[in-house]
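Student: Protein chains in written order, with my numbering: chain A, 1 to 538; chain B, 1 to 410; chain C, 1 to 436; chain D, 1 to 248. Have a look at the structure that comes next, please.
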């Protein structure tokens, strides 16, 4: 994305440099040189405004560099350059042409500091300059900026841009941005009323924000129209809010499902009260970290694939640790489920401390690949990509697991062993292996859950502890030994929690959910999907 | 039958010894702390008194848990909640005793309420300026919670792991609730900066020794009460419920009431432990509600030997002493040692230290008894055994593999 | 080691109450070293923050020994692990002082751990150096607060946001973890903002539990609150672990620093190390030190740190500087007093001045708080902060906030005649508000 | 059919688990003092029927009356047990960690609330009762042994002994001779006949020799309802019964 944009820019500038040197270029350089003399943010802001006022597309490069903190002053001669950091040295590029002019050690140059205010000024300035950019997404960004920072001076360039625009979507955005600017201009009331209508139709939070400001400042018909528009936006947003909460609930549910699904195997199917489950999740997250570390240092191009690469590895790592735990400890404890609680608790302490000793106690950075960053809008609903992918992922894992359990010979053996170990053994099933592999499967799934959770949570030795209680709640709520129960349990707990949260607050919401679980278990002492029947109870 | 008698006698003797040791400690330790010069070899430094006093409270908590877990098969993963509630009741009393000596000098409001702009004392703090009231609350609050919780859970026949998990949910919910500053219990910081208990300075060596003695006496009392309960017909019923709940129902017993009584008594014991703990450590905060704390209590009982009275006490003392030792000696690696200990105990000492000792002794005794019986020939008291041919001879001890275990998951 | 073993014997024997049977004589403190206690959690939830401080202290002690020790003796660090368990903090503090006979203790992070050990320090009369920014409302004779009081962090931060440089913020979200530091800080900030003319409806306060990880609802509420047509900022007192998911959610929901900046008081270089900071550029933090500060002292400190920890990637942070200042102050005070006797050192501490890492001197004030500069930094893409604003001079830590009704009349002065941590200037009495 | 003289009255009882009809429109009447044997292949609903009578399972529909007037569907296990219905499980269920004597003590008729149990002291009358029962079930020499150490057959007997201690009006005995030797089986038959003199008894059993030895009216269940009822000879002559047992 950035690469593409940079390539495009380079092309533009290559072409520009072929043209006869622009007479204004010297003027621009003179202005840019002022960066070196001014001190303080206000001085730099003045320079930025001056540059922007030239309206020359060439200023985009230095301004964009400034916003990203890449504009430097060489101490020796107070020349201004765009810098590209590469290790300890910085390669210096000409601020206008972008040609490389040399390298400098970091100590020989000073970075021009920017702050948020300055960044905003630059963004606004770039907004006007990029209205005619080739890339529609840049134009959309420009329209967006201008919508949020209405200015009467914007109307003219916007009019021009609207006239030239061919893309209907962009054009509509331009018109909204223009309407926003009209509202702060001294245009006649009729124009303003039309603008309010246009903005009201947009119906999102930005529109609401703008109209609230208008309502506060305007008089007469415009004020009334704004009030009406605000009311209508508010009522539609209220609906969207409800939808938003449900979506958040589903998303939380998917996280719970991921965290719990491995436990649904080790605890639900095998009856091992697996307190080390959270640590399996943690191992998966750390595997992701290691994979990303290797990719960062050796194969930076593969970064977007890091999670895909990490998945099988996390499964393997967690599954083999699970296998070791099963062979080493748990197999001696079948039929004594409560003792598995004690042993696995011990194991969890050891694993936590081991990770702490190896990786240190601090959080590790696990990055989001680009396809998991950001969000998109469905109506007024902002859906973040990482949450969506985690939902998809959780459902996929669930589906695959269900298939394995219900449709493969291994799943059949697994169920046979848990239903009646002795009978299964006498049918020729090698029960020890089935046990070991089942536990490894549950652990491995916890591991791949860790890959996904590393995207939204801390990767630290404490990662597992945060999920273990919730996981047990989900499995028990859904009914031990029933995968569907875990699915339904996770989503219902997630949704109830998130629907309560805006009213009760995060803490009370969670308390209410816990109390509901306690009450629910009274009603159905074996969980949501308990098997009814002639319980063989002695 | 001879072994049965021996067991009974052995168990009773052990209880008597335990009670004796505890009572002796209640006298000797304070003496060695207060009356012996610090240079003497017999001097017990104050911090050891405080430390062991704390361990005794843990031991009481472990014993409380064992009453329901070891004897009734209810694995509570929420006993820390009762402990903490007892502690909070005591803490509230201690807070009120600070009076106007808080940093703001407010005679009514504790410091944390002052800087959080409370205008008046919340209603649930009334009465806590009296020790008797606080003492009642120490018993009543955990007891009532356990009673209400148990009433619903046992009537609905929530058993096994489901019960364990909802007890965990209970303590977790309380943890979150007490973390909330709006609750009026001091939030995360909890209650601290205590000055006096019953007019004595909590930091004085004499007070500390007295608290130690109180803990030891209380533990001795709890040992006696537990022993009395377990030895009564009700105690037999308790174990019957543990081993075959439905059988007791078909005999006409209300298993839910049996459990409820034990659960409530146990919660009250835990509450007392918490109340003694707080003045000795000088702080009570929501961290005590952490589910992991409750799990640790389970581990103490397991290490020592559940289903015995002395076991949980031994377990609590050993594990905590080990923890104190490791955290000072191997600060970076003590979790390995602790984790390893839990795994090792479950694998190699499934019945805990005391349980293992008993089986070992029991085997030896049984062998000796068998030898005696053989020498003496048939026992004259007993009618000759009926001529019943055993169809399926059970291997001795085979039952213990599946054992009288509380079975959680299906 | 040997001392430890004899205690173990003792502990076990006391534990099984075979008192007097196997008591060995009290551990003999080696007389040729001065012991320094380090009381930071190395396991449990707080290990993530505190372990670094333990390492920093070990480094400082090693350096001091390389310089020839103190009073002709070597320093010896005694490290214990209170395991993020608050009562255990008190137990370990007692152990350090009573058993190991340390001359001073450097430790604690959370307020509750400090509250837990306070009685121990006053009872056994020892010294605690507390290196973390905290809520104030406390001044103890035995404690030296080298972290920031609210006026050394929160108030300048808010001032900056209200200024033109900071974006002239008019609407405020006070987002915090539900515990005493955020509660108090937010109380102070609310009072301060209202005094500055901010209307009540322009302040939103919200609390989340510790370790909170699902921020969707909260972030969208911030977004909503921010769409009222006024410049909005978030003042975050969100604690440690919960920050990473918070910032991840902010980034993903597209809240840019230019639109709604987040000013954090608990987010340092260490927390950012667990994050991809590219989407967070421009969000702010207020501290008294940043790793990026360009001074020779800091350069050396960072180089020493990297050498000591054998990892060039490890960051430094504000509490580490606080320990650096505190440790050097203690060394200087011990030299001044000529003894490590806590009583004498406490008296010698007030007025001690040592260089800090930001190019100035920090001085221990009579209220046991220190003077520090306040820096406002913006998060950069490389996980560092870029200082965008700095108080012109040093700010003196104000333990009793002027913005809370019950503490505005209180002052603290531990020097001889007054020697009081909560002197009421209105009534002229020591002991808070007194009985009124 | 009048309920008045019956000890147990089931009419039109049905129950299903997850769609499987375990009991299907079952009607069964037991007169006071009667002993009845119930046979039927696996899955015929024998144990479920007992579950319904003892309150463990609630029927979906139908009437269940005890002693002519008590509607058992309104009571739970403990209440039903207190009214005088005792039950022996298919798998012998005794309190394994208690001695034989204690097992009986817990079963003895008497108050069933907590506090009396807490302060209970064994009276001479109780001791005598226990001795009597120990004699009947022939476990006198094992009175101090842990129940866990008894043989399978002895556990069965102990459980019957516990039933006797409970002194119920109606005994439900599920497969009392499973796993017993022939000698034990004979002994058990004699014991049950003894008991039947002053109690009403329902015996569920597979063992035809044993049933023949009992010499009582037999009900054959199949797929949750009564297939045939009458003397053993009559029932075993019934073609449908043969078919069910031998398969098609």
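Yeah, the Cβ is synthetic: ideal placement off N, Cα and C, and Gly gets one too.
How would you call residue 48 (chain B), buried or exposed, if buried means at least 16 neighbouring beta carbons within 10 angstroms?
Tutor: buried
Student: With DSSP as the reference, please indicate the residues paired to residue 35 (chain D) in a beta bridge.
Tutor: DSSP lists D:201 as partners of residue 35 (chain D).
Student: Output the distance between the C-alpha atoms of residue 330 (chain A) and residue 344 (chain B), rounded to the nearest integer angstrom.
Tutor: 12 Å
Student: When DSSP labels each residue in this structure, what does residue 421 (chain C) get in the three-state scheme?
Tutor: Strand at residue 421 (chain C).
Student: Report the three-state DSSP secondary structure of residue 71 (chain A) (helix, strand or coil).
Tutor: Residue state, collapsed to three classes: strand.
Student: Please report how far the alpha carbon of residue 420 (chain C) lies from the alpha carbon of residue 203 (chain B), in whole angstroms.
Tutor: 20 Å
Student: Compare the C-alpha of residue 111 (chain A) against each of A:143, A:35 and A:371 and name the closest.
Tutor: A:35
Student: Give the range of the beta strand (DSSP E) segment to which residue 100 (chain D) is assigned.
Tutor: No beta strand (DSSP E) holds residue 100 (chain D); the alpha helix (DSSP H) holding it covers 100–107.
Student: Mind listing the chain D neighbours of residue 243 (chain B)? Cutoff is C-beta to C-beta under 7 Å, in chain order.
Tutor: Those are 95, 96 and 97, listed as they occur along chain D.
Student: Using 8 Å for Cβ pairs, my map puts residue 285 (chain A) next to residue 453 (chain A). What's the rounded Cβ distance?
Tutor: About 6 Å; that satisfies the 8 Å criterion.
Student: Chain B partners of residue 346 (chain A), CB-CB under 9 Å?
Tutor: Going along chain B in sequence order, the residues near residue 346 (chain A) (Cβ under 9 Å) are 299, 338, 339, 340, 341, 342, 343, 344, 345 and 346.
Student: Roughly how many whole angstroms lie between the Cα atoms of residue 297 (chain B) and residue 178 (chain D)?
Tutor: 43 Å
Student: At 8 Å on the CB atoms, spell out the chain C contacts of residue 283 (chain B), in chain order.
Tutor: 86, 87, 90, 112, 115 and 116
Student: If you check the beta carbons only, do residue 249 (chain B) and residue 78 (chain D) fall under 8 Å apart?
Tutor: Their beta carbons are under 8 Å apart, which means residue 249 (chain B) touches residue 78 (chain D) by this criterion.
Student: Can you list the alpha helix (DSSP H) stretches of 4 or more residues lying completely in the stretch 277–349 of chain C, in chain order?
Tutor: Runs of the alpha helix (DSSP H) inside the stretch 277–349 of chain C: 296–309, 318–337 and 342–349.
Student: Among C:158, C:129, C:157 and C:97, which residue has its Cα nearest to the Cα of residue 146 (chain C)?
Tutor: Looking only at C:158, C:129, C:157 and C:97, the smallest Cα-Cα distance to residue 146 (chain C) is reached by C:129.
Student: List the DSSP bridge partners of residue 35 (chain C).
Tutor: C:76
Student: Does residue 48 (chain C) come within less than 8 Å of chain A when only Cβ atoms are used?
Tutor: True, the Cβ-Cβ gap to chain A drops below 8 Å.
Student: Measuring CB atoms only, is the stretch 21–41 of chain D touching the stretch 184–202 of chain D, in the sense that at least three cross pairs come out at less than 8 Å?
Tutor: yes
Student: Can the beta-carbon of residue 273 (chain B) be found closer than 8 Å to that of residue 83 (chain B)?
Tutor: yes
Student: Hey, out of D:223, D:192 and D:222, whose CA is closest to residue 210 (chain D)'s CA?
Tutor: With distances taken between Cα atoms, residue 210 (chain D) lies closest to D:192.
Student: Quick one: what's got a C-beta closer than 6 Å to residue 51 (chain C)'s C-beta in the same chain, skipping five residues either side?
Tutor: 42, listed in sequence order.
Student: Is the shortest distance between the beta-carbon of residue 247 (chain B) and the beta-carbons of chain C less than 8 Å?
Tutor: no
Student: Is residue 60 (chain A) close to chain B, meaning its C-beta is less than 8 Å from at least one C-beta of that chain?
Tutor: Contact of residue 60 (chain A) with chain B is not assigned, every C-beta pair being separated by 8 Å or more.
Student: Residue ranges of each beta strand (DSSP E) run of no fewer than 3 residues wholly in the stretch 76–122 of chain A, ordered along the chain?
Tutor: Those beta strand (DSSP E) runs which fall completely within the stretch 76–122 of chain A and span 3+ residues are 80–86, 89–93, 100–105 and 109–111.
Student: May I ask you to list, following chain order, the residues of the stretch 166–187 of chain C that have a beta carbon less than 7 Å from some beta carbon of chain B?
Tutor: Per Cβ criterion, the list reads 178, 179, 180, 183, 184 and 187.
Student: Of all the residues that make up the stretch 256–269 of chain B, which are near chain E by a beta-carbon distance shorter than 8 Å?
Tutor: In the structure shown, chain E does not exist; the protein chains are A, B, C and D.
Student: Taking the C-alpha atoms as reference points, what is the distance between residue 83 (chain A) and residue 193 (chain C)?
Tutor: 41 Å
Student: Below 8 Å CB to CB, which residues in the same chain sit around residue 37 (chain B) once its five sequence neighbours on both sides are set aside?
Tutor: 43
Student: Starting from residue 295 (chain B), find everything on chain A with Cβ-Cβ shorter than 8 Å and list it in chain order.
Tutor: Neighbours of residue 295 (chain B) on chain A, chain order: 275, 341 and 345.
Student: Please classify residue 409 (chain B) as buried or exposed, where buried requires at least 16 neighbouring CB atoms within 10 angstroms.
Tutor: Caution is warranted here: a pLDDT of 33 is assigned to residue 409 (chain B), below 50, making its placement in the model unreliable, and the coordinate value is therefore given only provisionally. The residue is buried, with at least 16 neighbouring Cβ atoms inside 10 Å.
Student: What are the uninterrupted segments assigned as alpha helix (DSSP H) that are 4 or more residues long and contained completely in the stretch 125–202 of chain A, given in chain order?
Tutor: 136–148, 155–164, 168–184 and 189–202
Student: Quick one: what does DSSP say residue 364 (chain C) is sitting in, helix, strand or coil?
Tutor: strand
Student: Compare the Cα-Cα distances from residue 182 (chain D) to each of D:68, D:213 and D:161 and report the closest residue.
Tutor: Nearest of D:68, D:213 and D:161 to residue 182 (chain D), Cα basis: D:213.
Student: Under the three-state reduction of DSSP, which class applies to residue 252 (chain C): helix, strand or coil?
Tutor: helix
Student: Quick one: Cα of residue 164 (chain B) to Cα of residue 268 (chain B), how far?
Tutor: 19 Å
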